[in-house]
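Worksheet: the structure to be examined is printed underneath.
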Amino acid sequence: MKPFHTIAIPHDDILQGRLTLEVFAADLWEAAHGRGPEEYRDPDLFFQKTFETAGLRNLFAVVKQRLDGQGGDPVIQMQTPFGGGKTHALIALYHKARAWGVKTAVLVGTPLAPRETLWGLLAEQLSGSRVGFDSLSAPGREALRALLAAHQPALILMDEVLEYVVKAAAETVGASTLAAQTLAFLQELTEAAVIQERVSLVITLPSSTLEHYDEQATRLFEQLQRISGRVERIYTPVRDEEIGAIIRRRLFSRVDEQAAAEVVNAYLDAAEQEALLPRGEESAAYRARFKQTYPFLPEVVDVLYHRWGSYPNFQRTRGTLRLLALVVHALKASPQPYITLADFPLQTDEIRRELLKHIGNEYDSVLAADLLDPHAGARRANLEIGKAYQGLGLGERIATTIFLHSFVGGGGEAGATVGEVKRHNLVPGVPASVIAEVLNKLSSRLLFYLHEEGGRYYFSTTANLNRALTIRMESVTADELRAAELEVLRRRVQGRLMKTFLWPENPADIPDDAEPKLLILPEADLDRMKRFVEEKGQTPRVHRNTLFFLAPLAGERAPFESLLRRHLALAGLLGVKTLSLTPEQRQDLQNKEKQAAKDLQEQIGSLYRVLYLANREFVETLQLAESGSRTPGEMLAVGRRVWETCIAEGVRQGLFGLGELDENGQPQCRYFKEEVTPALEGREVLIREDLCVQQRMSSAPAAVAPAIETGGATVRDAAVTAAAPFTGWPVAPAQAGRSRLRIRFSLPLGKASSLFGLFNLLHSRFGKLRITVEAEEGQISEAEIEDKVRETFRQIGTEAEIE
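Each residue of the sequence shown is one higher than the one before, starting from 10 at the first, in our numbering.
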């Protein structure tokens, strides 16, 4: 899909970043005096960037009808929320009246000094003189009737009247105030306008007390409403469903509707497939809304206009325009085909400040901690999902979506539902389940100021349990970790048949007897192991072959300690009586603590999994397989097949090799990093990895320090000591048998690998082994014979006669 800025072309002032708030602040007084931004002064440019709503067109028609003497409402009150387009509509009427050739009086309360009267200004603009209207006392209705009659057709536009009346309340006029005189004037003016056939009075008032200043202003506002309400009709120039079109006309010079429709359709297809459309809204209705608001997702306008617009100083249309203009400017080179709340670049200072001035600068630290800092949780979340999705920045996008949903100036629910989060982060081709996965990571442990209540996610300046947990984890000391690790080990080894010693310090503490003993060490210290094997206090150890060492795998240390810290922190938080927790939070902590304890029991096994056996560079597979049944406390495998499978897998992975002892008793590696079936017979041995590598690189066996280590079903290596070698368990003497053996059989399909163990057994019993293969009822090409059959024999170092 094409980038949005190639489909909806932004106006030049948007692209160039000429985005001061004044550009979007309509000012009737400045426009009428030829000042202010050109787009308000120049009627052609003004209407080029103005979307004529149904309410605005109706307003033009009613006022024109009245000025033409064809009826129509004489007094019109426009009432919208703050920033809802009242002043913009007055400027539109001003330019229309100029085009119609009628006199226009502009009375704006904001720039007037307290002792400057509205009636004096009206007389001056209609007649060119204030004679008869220069007193601080309001003129009577007859004087106003005569003025209007002499200068009709006339359009009177009044804006910010409440602000003027509030200022006038401080000016005394005899026993009265200028505010009281102004209220009397307004009542007389509305009545005089009704009498004239070609006079139209348009006055704006706010829709509520949100724009008022104090209790006195509220009383004055109510008086103004009563005065104007006697004769006026109330018009609303902008309906909610038209906001998207207004914004699009103001921000974009033209839109390729066909290309926009293609993007909208692609999004709708993906949203319908994932069942993400808003509940209760038909696909056709959502499609129509998206086409009207493109390139913005409809909810972008909804959230800014209704949620953020409910803040007293956001100014609804003006504030929404200003913020979206900044976003479009920031994204003017981006590849996004449409804009959602997830795309808002909160790292841009100007955009962030525009938001913070309504909700408070304390949220700057919230954004830094959870979203903007290089190590913020939202950024870390990207590294915890599949590589195919890591470049999408879902962590930051989801956090941004929730942040912008988190605030409502008036009533209403704050926060974003899972469905809303998914809609703003939906990317065609990316499963919505990935978005849910990232959201879960953010809320469960990565973000410090994200909360969830009633299915809605929102940000707050109050830290959540993730933050408390992190602080608690950071306070865990090394001594506490060590003690906790030892306790986890103690619980894990309880009930073991072999006598076990946890983190022994002194070789003298280990009995020197014939019983096998397992020594669990805190680290793989080979010198320390050697001391335990060789010494028993001040005397040499006699039973050296009874010691087995279990040590941690270095690569597993960090994840284990992280989990251990988390478990200690969770348990600690549950024990803090002063911590104010809801029942849901306490239950959540308890569940997490139980899960962490369970995970520790598994993780300790992954950490302590390297078993060191003293003084062998190889081990005979037969002895290994039979040791479990012969040695009390030794691990007992359920059948020989377990050993065969484990040894075969270890050879395939290259953890060790498989071979046999030569006539000098030296190990010779035959199989390494390849498929093999062990025989578990005769002189077959497991050989250290490094010895196999050396033998593969050189024909001469490598001289290496004797040692072997094993972890469960796999065997690895480590030199421990040069103590007296382990002689192994006695092998029963060979019985008399055949000196020659011929076997003929037909090989079932898929069973060739089952013969490897048999061949190894026969090879260990006989000095020469010849195998004849007869293949029938099929065919093989000469190329395959050369490239696969002969090549196989060449690789194993033998020649084959092929007929």
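Just so you know, even glycine gets a beta-carbon here, dropped at the ideal spot from N, CA and C.
Treat the numbers as computed from the prediction; the structure is a model and nothing was measured.
Distance check between Leu498 and each of Cys678, Leu511 and Ser319 places Leu511 closest, using alpha-carbon atoms only. Annotated as proximal: Leu156 and Ser136, with beta-carbon spacing under 8 Å. Using a Cβ-Cβ distance cut-off of 8 Å, the region 390 to 399 and the region 411 to 430 are not in contact, since fewer than three pairs of beta carbons, one from each stretch, lie closer than that value. Between Pro531 and Gly418 the beta-carbon gap is near 58 Å, outside 8 Å, which marks them as no contact.
Only residues of its own chain outside the window of five on either side were considered, and among them Ala646, Arg649, Trp652 and Leu689 have a CB closer than 8 Å to the CB of Ala634, listed in chain order.
By the beta-carbon neighbour count (other beta carbons within 10 angstroms, threshold 16), Val694 is buried.
Between the region 51 to 67 and the region 98 to 113, the count of C-beta pairs closer than 8 Å reaches three or more; the two stretches touch. Put simply, the backbone Cα of Leu750 is about 25 Å away from that of Tyr680. Of the residues Arg661, Ala184, Tyr303 and Asp82, the one whose Cα lies closest to the Cα of Leu260 is Tyr303. Out of Asp522, Glu462 and Gln267, the CA that lies nearest to the CA of Pro592 is found in Glu462. In the three-state DSSP reduction, Pro321 falls in the coil class, being neither helix nor strand. DSSP places Pro12 outside both helix and strand once states are collapsed to three, so it counts as coil. If you keep only unbroken beta strand (DSSP E) runs of at least 3 residues inside the region 288 to 337, you get nothing at all.
Taking 8 Å as the cut-off, the beta carbon of Ile252 is found no closer than this to the beta carbon of Val312. Under the three-state reduction of DSSP output, Glu693 falls in the strand class. Minimum Cα-Cα distance from Ile613 among the listed residues Arg574, Glu658 and Arg566 corresponds to Arg566. Taking the CA atoms as reference points, Gly404 sits about 32 Å from Asp22. In the three-state reduction of the DSSP assignment, Val174 falls in the helix class. Taking the Cβ atoms as the reference, Leu556 lies roughly 6 Å from Lys526, within the contact range of under 8 Å. Assignment of beta-bridge partners to Val72 by DSSP yields no partner.
In terms of CA proximity to Asp536, Glu514 leads the group Glu514, His552 and Gln547. DSSP links Leu770 through a beta bridge to no other residue. Residue pairing for Cys678: DSSP places it in a beta bridge opposite Gly668. For Ile805, there are no CB contacts under 6 Å within the same chain when 5 residues up- and downstream are skipped. Per DSSP, Pro19 is one residue of the beta strand (DSSP E) stretching across Ala17 to Pro19. Membership of Val443 in the alpha helix (DSSP H) is indicated by the continuous run Ala441 to Lys450.
Membership of Met538 in the alpha helix (DSSP H) is indicated by the continuous run Leu535 to Glu543.
Burial check for Gly183: the Cβ neighbour count within 10 Å stays below 16, so the residue is exposed.
DSSP, read as helix, strand or coil, puts Ile255 in helix. Leu229 places its beta carbon less than 8 Å from that of Leu171. For His384, the number of other beta carbons within 10 angstroms of its own is below 16, and it is reported as exposed.
Taking the Cα positions, Ala477 is about 24 Å away from Leu413. When only Cα atoms are considered, Thr801 and Leu667 end up about 19 Å apart. Three or more beta-carbon pairs drawn from the region 575 to 588 and the region 479 to 493 are found closer than 8 Å, and the two stretches are therefore classed as touching. Taking all protein chains shown into account, Phe768 has fewer than 16 neighbouring C-beta atoms within 10 Å of its C-beta and is therefore exposed. Contact between the region 515 to 525 and the region 487 to 495 is absent: fewer than 3 CB-CB pairs across the two stretches fall below 8 Å.
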